[in-house]
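Asks: Take 3 as the starting number for the sequence shown in our numbering and just add one per residue.
Where is the CB? At the ideal position from N, CA and C, for every residue including glycine.
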Amino acid sequence: MVDDVAQQLEFIKNVFQVKPTEDLGQNPDGHTEIKLGDTTIMIGQGRPQWPSRQSMNYIYVESVDEIYKRARQFGANILLEPTERYYGDRECGFEDNQGNQWWCATYKQTLSRDEMNKRFETNKR
Numbered sequence: 003m004v005d006d007v008a009q010q011l012e013f014i015k016n017v018f019q020v021k022p023t024e025d026l027g028q029n030p031d032g033h034t035e036i037k038l039g040d041t042t043i044m045i046g047q048g049r050p051q052w053p054s055r056q057s058m059n060y061i062y063v064e065s066v067d068e069i070y071k072r073a074r075q076f077g078a079n080i081l082l083e084p085t086e087r088y089y090g091d092r093e094c095g096f097e098d099n100q101g102n103q104w105w106c107a108t109y110k111q112t113l114s115r116d117e118m119n120k121r122f123e124t125n126k127r
């Protein structure tokens, strides 16, 4: 649930380059749906019985660097610039103008548990 469904929808469309699966205003309760990869996200208007809440979303994308560039372009508060992580993903994080956090990753390589532990210990220092 968000304060402004249209604003949230516009941000997601612009940053992730996707189209809604339902038109805004199609549903009498004001919600809409948008598909990111193979996941459908429903965006609803906050109301007294179901107030708006911030969320934390973690999704895999084809290019974390492209998502990051568009997030900056459309006014996101950057939490983490694209970074190679010890577990083999390239990851970034940002917050939209309604306070929702988006963590995006691009899979880069499969690592053994031993290699992840070694990288984690090396990066702690």
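Taking just the CA atoms, how far does residue 103 sit from residue 35?
Replies: Residue 35 and residue 103: Cα-Cα distance of roughly 18 angstroms.
Asks: Taking DSSP as the reference, what is the three-state secondary structure of residue 70?
Replies: Note: residue 70 maps to helix in three-state DSSP.
Asks: Considering only their Cβ atoms, is the gap separating residue 82 from residue 95 smaller than 7 angstroms?
Replies: A contact, by the Cβ cut-off of 7 angstroms.
Asks: Determine the direct distance from the alpha carbon of residue 91 to that of residue 111, and round the result to whole angstroms.
Replies: Taking the straight line from one Cα to the other gives about 7 angstroms.
Asks: Ordered along the chain, which non-local residues of its own chain (more than five positions away) have a Cβ less than 7 angstroms from that of residue 66?
Replies: Correct list, in chain order: 84, 92, 93, 94, 106, 107, 108.
Asks: Decide if residue 10 is buried, meaning its Cβ has at least 16 other Cβ atoms within 10 Å, or exposed.
Replies: That one is buried.
Asks: Since I believe residue 3 is in contact with residue 53 (beta carbons under 8 angstroms), could you give me their beta-carbon distance rounded to a whole number of angstroms?
Replies: At roughly 7 angstroms, the Cβ-Cβ gap stays under 8 angstroms, so residue 53 and residue 3 are in contact.
Asks: Considering residue 13, what are the terminal residues of the alpha helix (DSSP H) in which it resides?
Replies: Per DSSP, residue 13 belongs to the alpha helix (DSSP H) from 7 to 18.
Asks: Quick one, which of 13, 114, 126 has its alpha-carbon nearest residue 72's?
Replies: Of 13, 114, 126, the residue nearest in Cα terms is 13.
Asks: Determine whether the beta carbon atoms of residue 121 and residue 88 lie at a separation below 7 angstroms.
Replies: Contact flag set, yes.
Asks: With a 10 Å radius around its C-beta and 16 neighbouring C-beta atoms as the bar for buried, classify residue 80 as buried or exposed.
Replies: That one is exposed.
Asks: Under three-state DSSP, which class holds residue 25?
Replies: Three-state result, residue 25: coil.
Asks: Output needed for residue 70: all residues of its chain with C-beta closer than 6 angstroms, excluding positions within five of it in sequence on either side, in chain order.
Replies: Within the same chain, residue 70 has close Cβ partners 84, 94.
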